[in-house]
Amino acid sequence: MSRIVDGSAHTSAPVLAAYRYCETVTGQQARNFAYGIRLLPQEKRQAMSALYAFSRRVDDIGDGDLDPATKRVRLEETRAVLGRVRDGEVSEDDTDPVAVALADASRRFPIPLGGLDELIDGVQMDLRGETYESWDDLKVYCRCVAGGIGRLSLGVFGTVPGARDAEHASSYADTLGLALQLTNILRDVREDAGNGRTYLPAEDLAKFGCSAGFSQPVPPAGADFAGLVHHEVRRARALFAEGYRLLPMLDRRSGACVAAMAGIYRRLLERIAADPEAVLRGRVSLPGREKAYVALRGLAGLDTRHAARGRA
């Protein structure tokens with residue numbers, strides 16, 4: 359699909375069109391993700407868009423209005439597409455632009471495509487209506503739907519030569535994914551309850567008197583909802599602190615991308631911590647100007663330097 363001439367990659371028109379499709383999907387639907395990947399050079403930005411577009415397809419199946427049996431069929435069809443990508447069976451003339459882009463990206467970069475299998479596994483866990491007794495149980499789910507994405511992204515970013523502690527880069531990427539996912543779970547606690555889903559560990563809900571759930575814009579009667587949120591916030595902060603150790607291992611623009619995406623979620627987490635009940639009243643988010651500020655801060659390397667000094 360791409361050929362190397364004089365040390366640079368020359369991409370065919372069909373593959374470029376496939377990447378443009380994925381970048382359009384990313385720009386229209388990615389929200390926080392898009393702020394980070396704008397900071398990447400073209401080839402990495404294209405590859406990340408291909409990963410996002412495939413991941414979005416999986417998520418849309420899980421969140422769509424189809425009946426569970428049809429969703430399971432669609433997920434297995436999507437897994438079959440991933441198998442074709444992995445086996446080198448997708449040509450540039452394939453009618454699926456996401457498959458074309460992902461196949462090209464996986465040739466350019468050492469992307470561990472098994473992370474996308476894990477994402478499909480995670481959505482299947484949602485279809486089974488799984489709940490989680492403990493944080494250790496919830497971590498399994500978070501690693502499927504977010505930790506794997508962190509490891510996939512690291513395949514695109516790579517680490518700088520001679521980076522200290524680089525053998526742990528994959529673990530840090532995974533942990534940062536967990537931090538982002540736990541933040542998502544806190545932000546979406548009422549929306550998920552409305553869809554019949556409960557992600558927070560049952561033992562945490564019981565500890566803070568929140569086992570009745572979150573179907574109303576106020577906490578359950580007698581619940582220490584703020585205590586529950588602050589408990590999970592402390593857990594997420596610790597995950598961010600460990601995951602931020604990845605930043606000094608990345609080149610400047612890849613580090614800026616990760617710092618931007620993680621920084622947006624970290625600020626979202628602190629906004630939730632400041633007003634825990636806000637997540638029951640509506641969707642907590644950051645204004646666009648604040649997201650742009652975080653992206654510029656990442657590009658300036660501020661968060662990378664903080665991580666290097668252990669103050670993330």
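If you use the working numbering, the sequence shown corresponds to residues 359 to 670, in order. C-beta atoms are modelled at their ideal positions from N, C-alpha and C, and glycine is treated no differently.
Residues near VAL652 by beta carbon distance below 6 Å, same chain, minus five either side: Cβ within range, chain order: ALA618, GLY621, ILE622.
ASP582 vs GLY567 beta-carbon contact at 9 Å: In contact: ASP582 and GLY567 (Cβ atoms closer than 9 Å).
Own chain partners of ALA461 with C-beta closer than 6 Å, once the 5 adjacent residues on each side are dropped: Contacts found: VAL443, VAL448.
Nearest-angstrom Cα separation, counted from ALA579 out to CYS347: Only positions 359 to 670 of the chain appear in this structure, which leaves residue 347 out of reach.
Pairwise C-alpha distance: THR369 and GLY505: The alpha-carbon atoms of GLY505 and THR369 are separated by roughly 30 Å.
THR453 in three-state terms, based on DSSP: Secondary structure of THR453 (DSSP, three-state): coil.
Touch test, the segment 629–648 against the segment 408–417, Cβ-Cβ under 8 Å, three pairs minimum: Of all C-beta pairs linking the segment 629–648 to the segment 408–417, fewer than three are shorter than 8 Å, placing the two stretches out of contact.
Cβ neighbour criterion (16 or more within 10 Å) applied to GLN404: Under a 10 Å Cβ-count criterion, GLN404 is classified as buried, with 16 or more other Cβ atoms of the shown protein chains found around its own Cβ.
VAL373 classed as buried or exposed, judged by whether at least 16 other C-beta atoms fall within 10 angstroms: So VAL373 counts as buried.
Beta-carbon spacing of LEU558, GLU590 below 9 Å: Yes, they are a contact pair.
Assigned exposure category for GLY613 - 16 Cβ within 10 Å defines buried: Buried, because 16 or more other Cβ atoms sit within 10 Å of the Cβ of GLY613.
Distance between ASP451 and GLU635 (C-alpha atoms, nearest Å): Approximately 51 Å between the Cα atoms of the pair.
C-alpha distance - PRO426 paired with LEU485, whole-angstrom precision: About 6 Å.
Spatially closest choice to LEU477 from ARG611, PHE467, ASP418, TYR490, by CA coordinates: Among ARG611, PHE467, ASP418, TYR490, the Cα nearest to that of LEU477 is on ASP418.
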